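Notes to accompany the following structure.
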Amino acid sequence: MAFFDRLSRNLVASPPLVRLLALFAVVAALGAAMQGAAAVAGVHFSLLDRNAGSTVLIVVSMVVLLGMIAAEGRPLAEYGLVIERNWRMKFAQGAAAGACVYLAYCAVAALAGVYSLRTTGITAGRTAEAGLDAVLAIPLAVTQQLIFCGCLLGMLRRGGSRWSAVVVPAALFAAACALGRADGMLGAEGQRLFVGMFMLASLLGVLRMISGSITLPSGVLAGCLMPRKVISKLDLLAFSPDAPMSPWMAPLNDPRQAPALWLLMAAVLVGAVAILWLRGERVANTDDQAAAGFHRTNPFSNLVQLTPIDRWVRLLAEARCRIDLRYLPRLAFSLAASAVNTVLALPERMLAPLLLRHTPQDPLFLVGVNRSGTTHLHNLLALDPQFRSPRNYEVFNPHGFLTGWLTTLLMIPFLMWRRPMDSVQMTPFSSQEDEFALAAMGSPSPYWSFNFPRVGAHNRYWRSAGFDGAERVRWRRHYRLFLRKLTALNGRRPLLKNPANTGRIDMLHDLFPGARYIHIVRNPHDVLRSNRRFAEQGLVVFQLQDPAPEDNYATRFVDHYAQMMDDHYAGAASLASDQHATVRFEDLESDPVGEIERLYRQLGLEMTDAYRARLDSYLQSIAGYQKNKPSKLNEADRQAVEVALGSYMQMWGYCETADRRAA
C-alpha cells in the first residue's frame, strides 16, 4: 500500500498528458495480460472483437479511470458525476432528443429511398430480445459517458483547455468505436465511422460542459442507441444499396458513416459551442434529496452483495422473500454477482481455513455508536504503519480477496465513491468496517437489518446477549479467519473500526484477551441528528424492504444508544487500564495530534516520527472538508436524549444542557 500511495501522489501531481499516458499504459498492460491468459488457457478471445473485446476494454478502462479519480481525491462534481434534483427529467429529455433525431433521420432516409419499412418476421421472441437490447443500451450509454465525458474530460480539464478536454476524449471514443472494423481503423469504413463518432462524442462533450454533469449526454447517447438496436434486432428497415442517396445517408447500411448525418451533427455542434461560449461551463451540485432517491433504487450500491449465494438464500427465507418491487433490480444484481463470486471464490473459501493457521496480534478496536466519529478516528490511526486496516475491496469480497482479484476488479466501479450521508470520499483502498466482512462471511450481524429492516431478529446482534451459543461459535470462527487472511502477508496489528462491537466488548475480550479499545464519544444531540440523516441518506443503499414507519432504525435509536452504552461499560469493566481509552470527537477535531498522543500513552503504543509526518500531511489534506449540517432537534427529542443518556452525558462532559435545566 505504501507503493500505491507514493504512485498515487506522483500521478496526481503530473500534467494531464502524463495521466493520460499512464491510463493507456495500465489499460494496455491489463489487456495484454488478459489476452495472454486467454491464449494460455486455449480460449478464443480478442481485444479487437467488437463484442467481448470491446466490453472488456470498457470495463478495464472504467476501473482504471475510477482508480485514478480516487487517487486524485478531487470533488466528483469536477467530473460531472453528480445527482441533481431533476436528473431523471434531464436524462429523459436527452433520451427523447436523441431518439427523435435518430428516428427522424431514418424517416428522411426512407423518403429518399434509402430504406423501406419491413414488418415481416417479427415474432414475440424477437420483440422481447429487441426490448432487452434497448434497455441494456441505457447502462452502456451511461458507462461510456462516465468514461469519456466524465472521467477523461474532467481529468484533462484540470490543467488543460476546455477544447482539448472535449477533443481528446472524443477522438478516443471514436477510435474505440472504429477499432473493430473489418478493414481496420485506417480503412475507408473505419475512417468514416471515426468521423461520425468523433462528431457525436464532441457534441456530447460540449453538452456535458453546458449542463455540468454526464446526465444529459448519457440520455442523448442512450436515445440514439435504443432505436438503433431495436431497428437492427427486428430488421425493420430494408436497405437499398443502389439508391442514389445511399452513399450520402447510409453507406454500407450504417447512418453513422453518412456525410448527411455528419452535416446535421456539425450544425447542432456549432449551436452547442455557441451556447457554451456565451454561458460558460457549469459545475453541477448533488442534491441530497435527489441523491437519496437515486441511492434508494441504485442496484450497484452496497458492500454485502458478494455474500455467498447459500447465505443469501437463508436470508431471503428468513425474510419470507418479502422484497419491495422497486428493490428487485438490486436483489437481481446481488444474486447474480453472488452466484458468480461463490463459484470463483470457492477454492479460497475451502482452503483458507486449512492453510492459514497463524495467530494474528491482538487488534486495536475502535468502537462507538454510528456517527460518533469512528470513521475520522479510523482514518487517522490507519496512517500508522504498525497497523493493518481492512480495505474496502477486502470487506466487499471477504471470501475471495486473496485470490479472486478479477471479481473484485470488475466490481470496483459499482462501489460507492462518496458516502451518501456525509459526502466522505471512498476508494477501493479506503479503510472500512470489518462488520461488513463478517456479515458477508455468514456471521450473525445487525447490519443485515439495513437490507431487511422488517426482519427484527437481526437487531439483537447489536448486543452480545443477542447471540446464542452456536452463533457465538460461528462469529468467533469468522472473526479469526478474516484476521488471518487480513494479516497473511504481514504480521502487523489489526486496526478494526466497528460500531457494532461497541456493545460486544465481553465477546471481544473473550476472543482477544490482549486487545486494546478506543471508545470515541460525541455529543448525543449531534449523534441523534447525524443518525437520522444516516437513516434517510445512508441506509437506503442497502434496503431490499422499506422499513415500518413506526418501528425503524431512527425511531429505535435513542433506546438502542442507551442499551449499547450500558453493555459497553459493563464489558469494559473487566479490562485493564491500559486496554481501554475514551476520546471525545470534539477534542479529536480541535487537537487531533494531541489527542492521539494521549491515547497512545494511555494504551502503551509507540508514536513514531514516520506516523507523525503522515498524520500532519493527512490533516493538511482535509483542512477544507465541510461537514453536512443536519436539521436541528426539537425540544422533545433533546429531552428524550437527556433522559436516556443523561448520566453518560455528564460522564463525557456534555452536561451544559442538563445544568441549564437544573438552574
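Letter by letter, the sequence shown follows residues 5 to 667 of our numbering.
Cβ coordinates follow ideal geometry from the N, Cα and C atoms, glycine included.
Nothing here was measured: the structure is a model prediction, and the numbers come from that model.
Per-residue DSSP class, three states only, for residue i
i, result
"Asp-620", "helix"
"Lys-94", "helix"
"Pro-498", "strand"
"Met-420", "Reliability fails at Met-420, whose pLDDT of 49 lies under 50, so the model's placement of it is uncertain and the value that follows must be treated cautiously. Correct three-state label for Met-420: coil."
"Ile-524", "strand"
"Thr-363", "coil"
"Tyr-565", "helix"
"Thr-407", "coil"
"Thr-559", "helix"
"His-1", "Because residue 1 is not part of the residues shown, which for the chain are 5 to 667, the question remains open."
"Ala-45", "helix"
"Ser-435", "strand"
"Ala-326", "A quick correction: the sequence has Arg, not Ala, at residue 326. The answer is coil: DSSP assigns Arg-326 none of H, G, I, E or B."
"Thr-346", "helix"
"Ala-3", "Residue 3 lies beyond the residue range present for the chain, which begins at 5 and ends at 667; the question has no answer from this structure."
"Arg-89", "coil"
"Val-587", "strand"
"Ala-552", "strand"
"Phe-546", "coil"
"Ala-641", "The amino acid occupying residue 641 in the given sequence is Asp; Ala does not appear at that position. In the structure shown, Asp-641 sits in a helix (DSSP, three-state: H, G or I)."
"Asp-530", "helix"
"Glu-285", "coil"
"Leu-280", "helix"
"Gln-654", "helix"
"Met-425", "Legend: pLDDT at Met-425 = 49, less than 50; position of this residue unreliable, value from coordinates given subsequently. Coil, per DSSP."
Outcome for residue i when other beta-carbon atoms lying within 10 angstroms are tallied against a minimum of 16
i, result
"Phe-28", "exposed"
"Arg-537", "buried"
"His-362", "exposed"
"Lys-489", "buried"
"Ala-580", "exposed"
"Pro-389", "exposed"
"Thr-124", "exposed"
"Asn-302", "buried"
"Ile-87", "buried"
"Cys-325", "exposed"
"Trp-91", "buried"
"Pro-517", "exposed"
"Pro-364", "buried"
"Val-317", "exposed"
"Ile-126", "exposed"
"Gly-284", "exposed"
"Lys-636", "exposed"
"Cys-110", "buried"
"Arg-526", "buried"
Same chain, Cβ closer than 7 angstroms to residue i, five either side skipped, listed in chain order
i, result
"Arg-161", "Ala-169"
"Leu-249", "For the sequence presented, residue 249 should be read as Met rather than Leu. Only Ala-116, Gly-117 and Val-118 meet the Cβ criterion."
"Glu-475", "Pro-448"
"Ala-740", "Given a span of 5 to 667 for the chain in the structure shown, any question on residue 740 remains unanswerable."
"Pro-19", "Gly-163"
"Asp-591", "Glu-599"
"Pro-143", "none"
"Asp-663", "For Asp-663, the predicted structure reports a pLDDT of 46, less than 50, and the residue's modelled location is therefore unreliable. A value from the coordinates is still provided. Answer for Asp-663: no residue qualifies."
"Met-203", "Trp-266, Met-269, Ala-270 and Leu-273"
Close Cβ partners of residue i (< 8 angstroms) along its chain, the five nearest in sequence each way excluded
i, result
"Leu-197", "Ala-178, Cys-181, Ala-182, Arg-185, Asp-258, Arg-260 and Gln-261"
"Val-172", "Leu-24, Leu-156 and Leu-160"
Cβ-heavy atom distance, residue i to the ligand MN, below 7 angstroms
i, result
"Ser-376", "With respect to the ligand MN, the structure shown offers nothing to examine, as it has no ligands at all."
Beta-carbon contacts of residue i that lie in its chain and below 6 angstroms, excluding the five residues immediately before and after
i, result
"Glu-437", "Lys-501 and Asn-502"
"Pro-669", "What the structure shows of the chain is the stretch from 5 to 667, and residue 669 is not part of that stretch, so it cannot be assessed."
"Ala-648", "Val-562 and Ala-566"
Neighbour flag for residue i against chain B, beta carbons, 8 angstroms
i, result
"Gln-39", "The structure shown contains no chain B; it is built from a single protein chain."
Practice task
Mind listing, in chain order, the continuous alpha helix (DSSP H) runs of no fewer than 4 residues lying wholly within the segment 212-269?
Solution key: If you keep only unbroken alpha helix (DSSP H) runs of at least 4 residues inside the segment 212-269, you get 219-238 and 250-253.
Practice task
Report yes or no: do the segment 145-154 and the segment 209-226 share at least 3 C-beta pairs separated by less than 8 angstroms?
Solution key: Short answer: they touch.
Problem - Every unbroken alpha helix (DSSP H) within the segment 366-402, with a cutoff of 4 residues, ordered by chain - result: DSSP runs (the alpha helix (DSSP H)) wholly in the segment 366-402: 378-385 and 396-400.
Exercise for the section: Say whether the segment 333-350 touches the segment 464-481, bearing in mind that this needs 3 or more beta-carbon pairs closer than 8 angstroms, one atom from each stretch. Expected result: With fewer than three CB-CB distances shorter than 8 angstroms, the segment 333-350 does not count as touching the segment 464-481.
Exercise for the section: Could you tell me which uninterrupted alpha helix (DSSP H) segments, each at least 4 residues in length, are contained entirely in the segment 107-169, listed from first to last along the chain? Expected result: DSSP runs (the alpha helix (DSSP H)) wholly in the segment 107-169: 128-149 and 157-161.
Practice task
Give a yes or no on contact between the segment 234-247 and the segment 203-221, applying the rule of three or more CB pairs nearer than 8 angstroms.
Solution key: In short, these stretches do not touch, since the Cβ pair count stays below three.
Practice task
Let me know the beta strand (DSSP E) ranges lying completely inside the segment 456-505, each 3 residues or longer, listed in chain order.
Solution key: Those beta strand (DSSP E) runs which fall completely within the segment 456-505 and span 3+ residues are 497-501.
Practice task
Determine, using beta-carbon pairs with one atom in the segment 340-351 and one in the segment 306-315, whether at least three such pairs fall under 8 angstroms.
Solution key: Yes, they touch.
Practice task
Give a yes or no on contact between the segment 385-403 and the segment 547-567, applying the rule of three or more CB pairs nearer than 8 angstroms.
Solution key: Touching, no.
Problem - At least 3 beta-carbon pairs within less than 8 angstroms: the segment 528-536 vs the segment 559-571 - result: The answer is yes - the segment 559-571 touches the segment 528-536, with three or more Cβ pairs under 8 angstroms.
Practice task
Report yes or no: do the segment 128-137 and the segment 60-67 share at least 3 C-beta pairs separated by less than 8 angstroms?
Solution key: Flag = no, the segment 128-137 and the segment 60-67 do not touch.
Practice task
Decide yes or no for the touch test of the segment 366-383 against the segment 512-532: beta carbon pairs closer than 8 angstroms, at least 3 of them.
Solution key: Because the criterion of three Cβ pairs below 8 angstroms is met, the segment 366-383 and the segment 512-532 touch.
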